[in-house]
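For what it's worth, our numbering labels the leading residue of the sequence shown as 4, then goes sequentially. First the structure, in the form of structure tokens, and then the observations on it.
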Amino acid sequence: MNDRIQDGSPAGESSTRWRPEVLAFIEAHRRDGHRSARLDPLGVSRPADPTLLDPQRFGLQPGDWLSPRGTPLWSARTVADLDRALKAVYCGGLALDASAVRDPSRRDWLHHAMESAPPGAGGAAERLALLDRLIRAQGWEEHVAQAFPHAKRFSLEGNETLIPLLDALCEAAAGHGVRRVFLGMPHRGRVNVLVNLMGFPPARVLDFFDPKSPHPERHTDLIYHLGGERELDTPQGRLTLTLAHNPSHLQSVHPVLTGLARACQDALGRERADQDGRRLVLPLMLHGDAAFAGQGVVMETLMLGGKPGYTVGGTVHVIINNQVGFTEPNPMSAWPAQYCTDVTRMVDAPVLRLNADEPEQALRAAAIALDWRSRFGADIVIDLIGYRRLGHSESDVPALTRPRIHAQTQTHPTVVDRYAAALRADRVLPPATDMASHVTRSRVRAHQVFSDPAMPESDDAPSALRRPGEVPPLDLAGVQALIDPMTRLPAGFEPHAMVRTLTDHWRRMAGLADPPLRADWCFAENLAYATMLQGGLNVRISGMDVRRGTFLHRQAVWTSQASRESEPVAFVPLRQIGAGHFDIFNSPLSEEAVLGFEYGYSVAATRTLTVWEAQFGDFVNGAQVFVDQYISSGEEKWGDTSSLVMLLPHGNEGIGPDHSSGYLSRFLQLCGEDNLRVACPSTAAQWFHLLRRQAFDTLRKPLVVMSPKGTLYHEQASHAEIADLTGGRFQTVIDDASVELPAQVERLLLCSGKVAHDLERGRRSVARADLALARIEQFYPFPSEELVALFARYPRLVEITWVQEEHRQQGAWTFIREQMDAVLPQHVQLRCVARRANGSGATSSHALHQLEQVELVARALGEA
4 MNDRIQDGSP AGESSTRWRP EVLAFIEAHR RDGHRSARLD PLGVSRPADP
54 TLLDPQRFGL QPGDWLSPRG TPLWSARTVA DLDRALKAVY CGGLALDASA
104 VRDPSRRDWL HHAMESAPPG AGGAAERLAL LDRLIRAQGW EEHVAQAFPH
154 AKRFSLEGNE TLIPLLDALC EAAAGHGVRR VFLGMPHRGR VNVLVNLMGF
204 PPARVLDFFD PKSPHPERHT DLIYHLGGER ELDTPQGRLT LTLAHNPSHL
254 QSVHPVLTGL ARACQDALGR ERADQDGRRL VLPLMLHGDA AFAGQGVVME
304 TLMLGGKPGY TVGGTVHVII NNQVGFTEPN PMSAWPAQYC TDVTRMVDAP
354 VLRLNADEPE QALRAAAIAL DWRSRFGADI VIDLIGYRRL GHSESDVPAL
404 TRPRIHAQTQ THPTVVDRYA AALRADRVLP PATDMASHVT RSRVRAHQVF
454 SDPAMPESDD APSALRRPGE VPPLDLAGVQ ALIDPMTRLP AGFEPHAMVR
504 TLTDHWRRMA GLADPPLRAD WCFAENLAYA TMLQGGLNVR ISGMDVRRGT
554 FLHRQAVWTS QASRESEPVA FVPLRQIGAG HFDIFNSPLS EEAVLGFEYG
604 YSVAATRTLT VWEAQFGDFV NGAQVFVDQY ISSGEEKWGD TSSLVMLLPH
654 GNEGIGPDHS SGYLSRFLQL CGEDNLRVAC PSTAAQWFHL LRRQAFDTLR
704 KPLVVMSPKG TLYHEQASHA EIADLTGGRF QTVIDDASVE LPAQVERLLL
754 CSGKVAHDLE RGRRSVARAD LALARIEQFY PFPSEELVAL FARYPRLVEI
804 TWVQEEHRQQ GAWTFIREQM DAVLPQHVQL RCVARRANGS GATSSHALHQ
854 LEQVELVARA LGEA
């Protein structure tokens, strides 16, 4: 019988198709081969139905002859030959799970990749080099265990194949033209990677384990949190390898990594206009199996990869799968098919499942993964399935919770022993080779090298406290030269009525049309960005609805109302001027991954002002890990500097407790050693100068802004004259310019933000000469010198009242009270007037809010 039928084929043939039962047999292996593959080194996972891929199930007998001319699958002549070939390709130590890939052409490509590179050993030299890398990985673990038996190192034992897998991925990346690899990973195996891949001085690494270290001051973080950078020479060329720092929140580094990679891709893409930056930079993300499946930031980051502004041309993921999360079993299950990688189905990512005891297959997996990424610019996963020889950390007693599995891991041969046995069987390694002695010699060499007491001096010392640098000046002519092209619409563009009004107002604010108009917050912000772009800096803004602005406050992208296209015509005013590049992206409904991404971007993009805006300040709750573990402490721990701007709309406006507060008190608790900038501007001019100061300052610090909401945007008293923008600078403290006789002032009201305008109206209504009103516009670094000068202006001062919209337990009061100890004049009393505590700290209706605001002002003025 003819086994081939016209008009179809298995991978690799284009002109023929086999008869239905043979084709069904092949397709079953392609679809379900991974469920019958020998993937679990310990053999404890639940296997699939053993008859799932039996030829007889498809009406085929092993002795049946196929075409006399053979088959594309390595000249199989009988069903038995074909069965063996298919089992070798799809059911061995490397298996393909393409069930998430919905595009049939991509599935065909994967099948061709698997079938055109049949499993087989490389040359003797390549195999011996692979053995040497495994010996080094195992030797390092044994050396640390011997030198510091109680040290917590999160051993790689059971997954040592990770080291040659990373070697192969870097080599394959270089072969595809990649020049920069950003690597992220949690704890498991990280110390081994630091030494055997990143080239960390072993003495530096071991010093972190030594309780008697002569340099404990250098241990700003745990060794298995640290990253680094090196120039890596591979047979395919040189590349820069960067391992991102990562705290104990395991998968949190995932979006940070993609942000780092995207920033580098953008920079290289602009420098090399003839090349795609995505092709030059590879994000390579390692995961733990339980955390990968369990932490929501993974799903958020996977989703980001398909969104404009966040794409990175595909991430290669490697799961260090030891089938347990701390003490909770997390076994692979082929029947029913349940895997820790199932979350990647949301991005149609194929999974290459790899037995960690078969290191040669790691080389094949790396080649396929990089070919896929290069061709499709999409994510792919390598699931390195191993086991954990020891406990979660080396101080654990795994037998308490997993006695059977632990006993099995202790008797299971190491990957070095298993691979050496295979090489001896193939006569690549002499029969009498004693691998134990090889590993011992590796440990001895390690001791000789690793005991070197020399320690490199750290370059990561935090910067000294200093004032921000100078900001380039701006005059009226410069303002007009920027605003004019921003307000000239292209032919055929039909603006919305609000946009038409906006362009008219901007021209009047800039003095390009009559009558003149005071500059509002929208104008001030857009003009600030324009000056940055003109100065050669880049600007990147992201967050929910930032293109328009939640409060209609930004209007950075204008959409033609005449457009009938599915993609409407847009006009971006800030792209009409300047040497810098302006990007603004509406983010998905995510805070955690997006803020992590923008932090990573800001670390890598030193000439870009990176801005993340929350729709409401309380939305930052969803990203608290990045505030605590990266933004506020990354420079101190790792030397990673960032000038990220976080805009958190803040202020009671009668819309309930959830959307009133940006949690100012929480950010002030994180301040120390000049790690943050925390500001609360009260005028459009202050907003303008604050943003410009942040962009042009060479001292890079994250900036947290308790930014305006709807009420303040529409507060006429907060708008500015154009001279306020072209002249002056950001003032950390604003004095009361209306006081004519400072010597008569006995009471001083201090506040921040929009409550200042309520207090000003109240003060005018009582007309008291003994009362002054001043504003603190920057909380941290605390403006001590400015406040001393302010208090000196009022020699008869007897009482200072801090006024805040929040109740006493929130807001800035506790921070102000502590900081005032160093600047408060003698015999001056300090007190606080705050919103009365109602359990939530904010009002639930506009009417109630107005009553509370009136009462707050009255109490502050001493009238209630």
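Positions of the beta carbon are idealized from the N, C-alpha and C atoms, including for glycine. Keep in mind it's a predicted model, so treat the numbers as computed, not measured.
Problem set entry | Integer-rounded CB distance, given that residue 38 should sit under 8 Å from residue 294 | Actually they do not touch by this definition, with Cβ atoms about 24 Å apart.
Exercise. Going by alpha carbons, who is nearest to residue 783 out of 815, 55, 767?
Worked result: Taking only the C-alpha atoms, the option nearest residue 783 is 815.
For this session: Alpha carbon to alpha carbon, how far is residue 49 from residue 355? Give it in angstroms, no decimals.
Result: If I take the Cα positions, the gap works out to 19 Å.
Problem set entry | Residue nearest to residue 778 in terms of C-alpha spacing, selected from 799, 807, 772, 31 | Nearest C-alpha to residue 778 among 799, 807, 772, 31: 807.
Exercise. For residue 531 versus residue 694, is the C-beta distance shorter than 7 Å?
Worked result: Yes, the pair counts as a contact, with Cβ atoms nearer than the cut-off.
Exercise. How long is the line joining the alpha carbons of residue 29 and residue 54, rounded to whole angstroms?
Worked result: Rounded to whole angstroms, the gap between the alpha carbons of residue 29 and residue 54 is 15 Å.
Exercise. Excluding five sequence neighbours on each side, which residues of the same chain lie with their C-beta closer than 8 Å to the C-beta of residue 132?
Worked result: The answer is none, since no qualifying residue turns up.
For this session: Keeping to the same chain, check which residues put their C-beta closer than 6 Å to that of residue 853; ignore five residues upstream and five downstream.
Result: Cβ within range, chain order: n/a, list empty.
Exercise. Is residue 523 buried or exposed, if buried means 16 or more other CB atoms sit within 10 Å of its CB?
Worked result: By the 10 Å Cβ count, residue 523 comes out buried.
For this session: Measure the alpha-carbon distance for residue 450 versus residue 213 and round it to whole angstroms.
Result: Note that residue 450 scores a pLDDT of 46, beneath 50, so its modelled location is shaky; the value from the coordinates is reported in the next line. Approximately 14 Å, taken between the alpha carbons.
Exercise. For residue 477, does the count of other Cβ atoms within 10 angstroms reach 16, so buried, or fall short, so exposed?
Worked result: When all chains shown are included, residue 477 counts as buried.
Problem set entry | Residue interval of the alpha helix (DSSP H) (run including residue 324) | It is not in any alpha helix (DSSP H) - residue 324 instead sits in the beta strand (DSSP E) that spans 319-324.
Exercise. Residue 754 bridges to which residues according to DSSP?
Worked result: Residue 754 is bridged by DSSP to 778.
Exercise. Going by DSSP, what residues sit across from residue 589 in a beta bridge?
Worked result: The bridge partners DSSP lists for residue 589 are 546.
For this session: Would you tell me roughly how many angstroms separate the C-alpha atoms of residue 776 and residue 302, rounded to the nearest one?
Result: Just so you know, the alpha carbons of residue 776 and residue 302 end up roughly 49 Å apart.
Problem set entry | Limits of the unbroken alpha helix (DSSP H) element including residue 695 | Per DSSP, the unbroken alpha helix (DSSP H) holding residue 695 starts and ends at 687-699.
For this session: Would you tell me roughly how many angstroms separate the C-alpha atoms of residue 589 and residue 180, rounded to the nearest one?
Result: If you take the alpha carbons of residue 589 and residue 180, they lie about 31 Å apart.
Problem set entry | Assigned secondary structure, residue 247 (DSSP; H/G/I helix, E/B strand, else coil) | Correct three-state label for residue 247: coil.
For this session: Provide the residue(s) that pair with residue 298 in DSSP beta bridges, ordered along the chain.
Result: For residue 298, which the question treats as bridged, DSSP gives no partner whatsoever.
For this session: Note down, in chain order, each residue of its chain lying with its Cβ closer than 7 Å to the Cβ of residue 257, except the 5 sequence neighbours on either side.
Result: Excluding residues within five positions, the ones whose Cβ falls inside 7 Å are 187, 288, 300, 301, 304.
Problem set entry | Residues of its chain near residue 61, where Cβ-Cβ distance is below 6 Å and the 5 sequence neighbours each way are ignored | 24, 27, 28, listed in sequence order.
Problem set entry | Complete runs of the beta strand (DSSP E) confined to the region 791-831 [at least 3 residues] | As far as the region 791-831 is concerned, its whole beta strand (DSSP E) runs of at least 3 residues are 802-807.
For this session: Determine the DSSP secondary structure at residue 286, reduced to helix, strand or coil.
Result: Three-state DSSP puts residue 286 in a strand.
Exercise. If we count the other Cβ atoms within 10 Å of its Cβ and call it buried at 16 or more, is residue 349 buried or exposed?
Worked result: Residue 349 comes out exposed.
Exercise. With respect to the beta strand (DSSP E) encompassing residue 682, which residues constitute its N-terminal and C-terminal limits?
Worked result: Judged by DSSP secondary structure, residue 682 falls within the beta strand (DSSP E) whose first and last residues are 680-682.
Problem set entry | Beta-bridge partners of residue 355, as assigned by DSSP | As a beta-bridge residue in DSSP terms, residue 355 pairs with 99, 385.
For this session: Report the three-state DSSP secondary structure of residue 78 (helix, strand or coil).
Result: Coil.
Problem set entry | Status (buried if at least 16 other CB within 10 Å, exposed otherwise) for residue 710 | Looking at its Cβ environment, which holds 16 or more other Cβ atoms inside 10 Å, residue 710 is buried.
For this session: Give, in chain order, every unbroken run of the alpha helix (DSSP H) that is at least 4 residues long and sits entirely within the region 377-423.
Result: Qualifying alpha helix (DSSP H) stretches, in chain order: 406-414.
For this session: From the DSSP output, read off the bridge partner residues of residue 268.
Result: The beta-bridge partner set that DSSP reports for residue 268 is empty.
Problem set entry | Under 7 Å between C-beta atoms of residue 137 and residue 321 | The answer is no: Cβ separation not under 7 Å.
Exercise. Since residue 174 contacts residue 81 with CB under 8 Å, what's their CB separation in whole angstroms?
Worked result: In this structure residue 174 does not touch residue 81 by the C-beta definition: roughly 38 Å separates them, more than the 8 Å allowed.
Exercise. Do the region 724-734 and the region 754-769 touch if we need at least three Cβ pairs shorter than 8 Å?
Worked result: Counting Cβ pairs under 8 Å, fewer than three are found: no touch.
Problem set entry | Same chain, Cβ closer than 7 Å to residue 863, five either side skipped, listed in chain order | A distance below 7 Å between beta-carbons, with the five flanking residues on each side excluded, links residue 863 to the following residues of its chain, in chain order: 752, 762, 804, 806, 836.
Exercise. Leaving out the 5 sequence neighbours to the left and right, which residues in its chain are closer than 7 Å to residue 43 when beta-carbon positions are compared?
Worked result: For residue 43, same chain residues with a beta-carbon under 7 Å away, outside a window of 5 residues either side, are 335, 388 in chain order.
Exercise. How is residue 94 classed by DSSP in three states: helix, strand or coil?
Worked result: Looking at residue 94 - three-state DSSP - the assignment turns out to be coil, as it is neither helix nor strand.
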